[in-house]
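Down below is the structure, laid out as structure tokens.
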Amino acid sequence: MLEHFFQPNSVAVIGASTDPAKVGHAVFRNMISSGFRGVVYPINPNAESLLGHECYPSVAEVPSDVDMAVIVVPAKFVPAVMRQCGEKGIDSVIIISAGFKETGPEGAQLEREVGGIAREHGIRVLGPNCLGLITPRFGVNASFAPGMPQAGNVSLMSQSGALATAILDWALEQGVGFSKFVSFGNGVDVETLELLRAWKDDEDTSVIVAYIEGLRDGAEFMRIAREVTAVKPVIILKSGGTAAGARAVSSHTGSLAGSEQAYDAAFRQTGVIRAHSISELFDYALAFAYQPLPEGPAMAIVTNAGGPGIMATDACERSGILHLASPEKATVERLREKLPPASNFYNPIDVLGDADAARYRFAMESVLADANVNAVVPLLAPQAMTEVEHTARAIYEAAAADAKPVLACMMGGHRMRAGDRLLDEHRIPSYAYPEQAVGALAAMVRYRQWLGEPAPEAVEFAADRSKVKQVFDAVRAQSRVNLGEVEAREVLSAYGFRVPEARLAHSAEDAVQMAEEIGYPVVMKISSPDILHKSDIGAVRVNISGPEQVADTFDLIMLRAQRYMASAQLRGVLVQEMIRGGKEVILGASRDPQFGSRILFGLGGIYVEVLKDVAFRVAPVDRRHARGMLEEIRASALLGGVRGERPADTDAIVEALLRLSQLTLDYPEILEMDINPLAALEPGRGVVAIDSRITIAEQEGGSAAHGG
0 MLEHFFQPNS
10 VAVIGASTDP
20 AKVGHAVFRN
30 MISSGFRGVV
40 YPINPNAESL
50 LGHECYPSVA
60 EVPSDVDMAV
70 IVVPAKFVPA
80 VMRQCGEKGI
90 DSVIIISAGF
100 KETGPEGAQL
110 EREVGGIARE
120 HGIRVLGPNC
130 LGLITPRFGV
140 NASFAPGMPQ
150 AGNVSLMSQS
160 GALATAILDW
170 ALEQGVGFSK
180 FVSFGNGVDV
190 ETLELLRAWK
200 DDEDTSVIVA
210 YIEGLRDGAE
220 FMRIAREVTA
230 VKPVIILKSG
240 GTAAGARAVS
250 SHTGSLAGSE
260 QAYDAAFRQT
270 GVIRAHSISE
280 LFDYALAFAY
290 QPLPEGPAMA
300 IVTNAGGPGI
310 MATDACERSG
320 ILHLASPEKA
330 TVERLREKLP
340 PASNFYNPID
350 VLGDADAARY
360 RFAMESVLAD
370 ANVNAVVPLL
380 APQAMTEVEH
390 TARAIYEAAA
400 ADAKPVLACM
410 MGGHRMRAGD
420 RLLDEHRIPS
430 YAYPEQAVGA
440 LAAMVRYRQW
450 LGEPAPEAVE
460 FAADRSKVKQ
470 VFDAVRAQSR
480 VNLGEVEARE
490 VLSAYGFRVP
500 EARLAHSAED
510 AVQMAEEIGY
520 PVVMKISSPD
530 ILHKSDIGAV
540 RVNISGPEQV
550 ADTFDLIMLR
560 AQRYMASAQL
570 RGVLVQEMIR
580 GGKEVILGAS
590 RDPQFGSRIL
600 FGLGGIYVEV
610 LKDVAFRVAP
620 VDRRHARGML
630 EEIRASALLG
640 GVRGERPADT
650 DAIVEALLRL
660 SQLTLDYPEI
670 LEMDINPLAA
680 LEPGRGVVAI
690 DSRITIAEQE
700 GGSAAHGG
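Each step along the sequence shown adds one to the number in numbering that gives the first Met the number 0, with nothing skipped, and position 504 is 503.
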């Protein structure tokens with residue numbers, strides 16, 4: 000229940016100051032000057048009145064009930080004030096005060112104390128160290144923000160108060176309205192997940208916008224976000240992408256995976272629209288707040304200048320999801336009949352530099368009426384004869400007569416301001432550059448496609464879980480966390496992966512006998528839980544085709560391994576069936592502290608870390624997302640076969656990804672693992688796990704932080 004935050008009947012500002020330079024003064028002044036129809040009580044033991052309102056020494060002495068308290072006192076006094084709020088029966092508290100976990104261990108302990116008091120008294124808390132909140136419709140401005148936005152349909156949450164004030168300033172300039180505007184700071188209680196839940200069914204909220212620096216519970220976020228995005232768009236700017244968490248890097252997956260891949264995958268799998276800059280956050284928010292969703296990806300461009308039209312066309316192609324609409328023959332003929340002969344009647348539609356507002360209106364109405372067009376991006380560059388305000392009016396009037404989205408671009412500065420204002424007033428988003436308008440439209444199309452996607456379909460395979468537990472227990476009993484290849488093969492076999500026939504040789508004579516039984520040619524590699532990258536030291540040899548070569552290779556591999564790491568536990572040399580043909584791919588998994596298991600797919604072999612042509616998802620992975628991973632990598636065309644090569648069995652790769660996802664969910668102690676290479680044979684022949692490595696936590700169900 001968060002209604003007392005957004006629609007209270009009475010508010011106490013604890014720490015309301017008589018000094019106009021103090022935050023406590025700004026909060027109180029905002030509350031009484033923003034149209035709030037309830038009662039506001041200033042709490043200040045050293046003043047009799049403040050801005051015409053009677054002051055009270057403490058919240059306990061307020062003569063009536065209080066729905067919400069805003070605390071603006073030094074951090075060390077906050078616990079005592081929280082207890083007073085609990086005794087008063089206040090159920091909603093905003094702690095503006097800083098000086099908590101952001102300052103170090105002592106502040107963190109103080110914040111834990113405040114959280115404990117809140118739980119003891121059943122108080123919901125926003126903050127500490129936050130800007131506060133604003134609900135324009137009800138005149139609530141419980142913040143020290145320098146301005147009050149108008150009411151609208153966008154709800155914003157921000158972990159950063161400074162960024163929230165910047166967004167607010169932009170909104171005031173652009174005339175963008177908000178339903179809810181919340182800064183939650185350290186988020187001791189109410190933060191991202193709580194606000195998503197609250198705003199999912201909020202009738203005043205059509206678009207949710209967020210700035211976050213991290214999440215407490217990635218799995219719960221994914222569950223809630225998937226529910227919310229099915230109802231309304233969620234746009235998130237996530238910062239902190241370059242801060243690599245502490246993690247092991249013993250595998251290819253470990254070296255490639257980072258928190259950003261997990262966030263990207265989680266957002267993709269839940270329909271969240273990710274903004275990569277403040278500019279994109281604004282661009283997307285405007286588009287979703289103002290315009291209907293497009294029915295498809297076909298866009299038309301109307302321009303009075305060739306250069307901007309080309310820029311928009313390039314942006315359309317680079318988007319990876321939009322394409323230029325092919326106008327119907329009737330549309331082309333209509334344009335040809337009315338536009339000057341030098342115009343371009345196809346797409347982009349160039350109405351020429353001398354176009355007046357009437358010509359723009361005609362072109363806009365023509366393309367909006369075209370059944371092949373899903374959205375229109377009108378571009379206006381300032382020529383000497385350009386009628387800026389009249390053309391803006393023509394654009395919004397044409398848009399108002401049709402249900403298709405229109406995202407405008409008014410290129411220029413001073414001369415275009417009046418046109419920008421007119422478009423904003425009539426809920427047509429107006430951008431400074433073509434790439435911004437096209438990028439926002441692409442985000443809308445992606446969200447439309449997300450709404451049409453089926454719900455994730457759970458897939459479960461039969462597996463020998465007791466065998467995997469037995470292997471893991473045996474490894475831990477030897478005080479190890481890295482599985483040897485033989486042990487890794489057992490784990491994969493237990494989950495239905497096909498592995499090559501292989502035997503462990505302890506001598507050259509053993510190796511020769513085993514190679515004869517398996518059949519030539521064979522692959523030979525060192526077996527040691529301490530040597531993970533065997534090829535780096537020349538401890539993997541392929542296409543061994545005779546007894547003498549087998550014996551020599553055994554001795555060579557053992558010698559190289561001993562020289563590389565004298566202390567390594569050498570179990571022998573694995574003599575393995577050589578799998579011919581197929582495409583080499585890599586499957587991997589690594590543990591993320593927030594989201595759990597990240598699943599990786601890419602082209603395999605020794606160059607995977609160099610090329611970094613990989614795709615990530617968060618487990619559980621369903622069949623559709625697994626297929627999407629194959630299509631996402633740049634080299635995806637190679638799987639289909641090029642220059643006469645046979646294609647790979649992509650259905651079998653998808654199934655292997657699903658089996659890997661299930662394995663990592665069943666055993667969260669798997670911190671990192673690679674299957675590299677996984678040989679993808681011809682269609683119908685399946686896949687074979689040629690080589691693999693697995694690292695587990697020291698204890699069963701161990702902390703993901705070791706491998707995040």
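C-beta: ideal position from N, C-alpha, C; glycine also.
Using the Cα positions of residue 505 and residue 554, report the straight-line distance between them to the nearest angstrom. 11 Å
So, helix, strand or coil for residue 202, using DSSP? coil
In the region 457-520, which residue ranges form an unbroken beta strand (DSSP E) of at least 3 residues, counting only runs that do not cross its ends? 501-504
Cutting at 6 Å between CB atoms, please list the residues of its own chain near residue 245, excluding the five before and the five after it. Model confidence at residue 245 stands at a pLDDT of 34, short of 50, so the residue's coordinates are unreliable; what they give is reported in the following sentence. Once the five neighbours on either side are set aside, residue 245 has no close Cβ partner at all.
Pick from 688, 114, 568 and 62 that is closest to residue 479, judged by C-alpha positions: 568
Burial state of residue 318, where buried means 16 or more other Cβ atoms lie within 10 Å: buried
Residues of its chain near residue 41, where Cβ-Cβ distance is below 6 Å and the 5 sequence neighbours each way are ignored: 12, 15, 27, 49, 52 and 54
Short of 6 Å in beta carbon distance, which residues of its chain neighbour residue 364, apart from the five on each side in sequence? Order them along the chain. 397
Determine the DSSP secondary structure at residue 52, reduced to helix, strand or coil. strand
What number of angstroms, rounded off, separates the C-alpha of residue 330 from the C-alpha of residue 350? 14 Å
C-alpha distance - residue 30 paired with residue 130, whole-angstrom precision: 13 Å
C-beta neighbour in chain B for residue 603, strict 9 Å: Protein chain content of the structure displayed is limited to a single chain, and chain B is not contained in it.
Tell me, which residues are paired with residue 123 by DSSP? 91
Would you mind listing the beta strand (DSSP E) stretches within the region 125-151 that are 3+ residues and don't spill past its ends, in chain order? 131-134 and 139-142
Within the same chain, show all residues whose beta-carbon is closer than 8 Å to that of residue 333, passing over the 5 residues directly before and after it, in chain order. 365
Where the alpha helix (DSSP H) through residue 163 begins and ends: 160-173
The region 496-514 in contact with the region 545-564 per 3-pair CB rule at 8 Å: yes
Return the chain-ordered list of same chain residues with a C-beta closer than 6 Å to the C-beta of residue 411, the five sequence neighbours on each side being excluded. 381
Just verifying my parser: in three-state terms, what is the DSSP assignment at residue 29? helix
Terminal residues of the beta strand (DSSP E) in which residue 597 lies: 595-602
Quick one: which unbroken beta strand (DSSP E) runs of 3-plus residues sit fully inside the region 331-405? Chain order, please. 374-379
Check the DSSP bridge columns for residue 41 and list the partner residues they point to. 12
Return yes when the Cβ of residue 540 is within less than 9 Å of the Cβ of residue 523, no when it is not. yes
So, under 8 Å CB-CB, residue 614 and residue 601 are touching, yes? Tell me the CB distance rounded to an integer number of Å. 7 Å
Contact under 9 Å by Cβ, residue 77 with residue 125: no
Which of the three DSSP states is assigned to residue 433 in this structure? helix
In the DSSP assignment, find the beta strand (DSSP E) that holds residue 304 and state where it starts and stops. Segment: none, residue 304 is in no beta strand (DSSP E) and carries neither H nor E.
Length of the line joining the Cα atoms of residue 70 and residue 92: 7 Å
Between which residues of its own chain and residue 212 is the CB-CB distance below 8 Å, once the five residues before and five after are set aside? 158, 159, 237, 238 and 239
Between which two residues does the alpha helix (DSSP H) carrying residue 221 extend? 217-228
Output needed for residue 298: all residues of its chain with C-beta closer than 8 Å, excluding positions within five of it in sequence on either side, in chain order. 315, 321, 322, 323, 324, 372, 373, 374, 375, 376, 437 and 440
Which of the three DSSP states is assigned to residue 591 in this structure? strand
In this structure, how does DSSP classify residue 60 when only helix, strand and coil are distinguished? helix
Can you round the beta-carbon distance between residue 22 and residue 143 to whole angstroms, since I take them to be within the 8 Å contact cut? 5 Å
Opposite residue 718 in the DSSP bridges: which residues? Not covered by the structure: residue 718. The range shown for the chain is 0 to 707.
Quick check: what's the CA-CA separation for residue 251 versus residue 173? Residue placement at residue 251 cannot be trusted, given a pLDDT of 39 that sits under 50; the coordinates are not used to answer.
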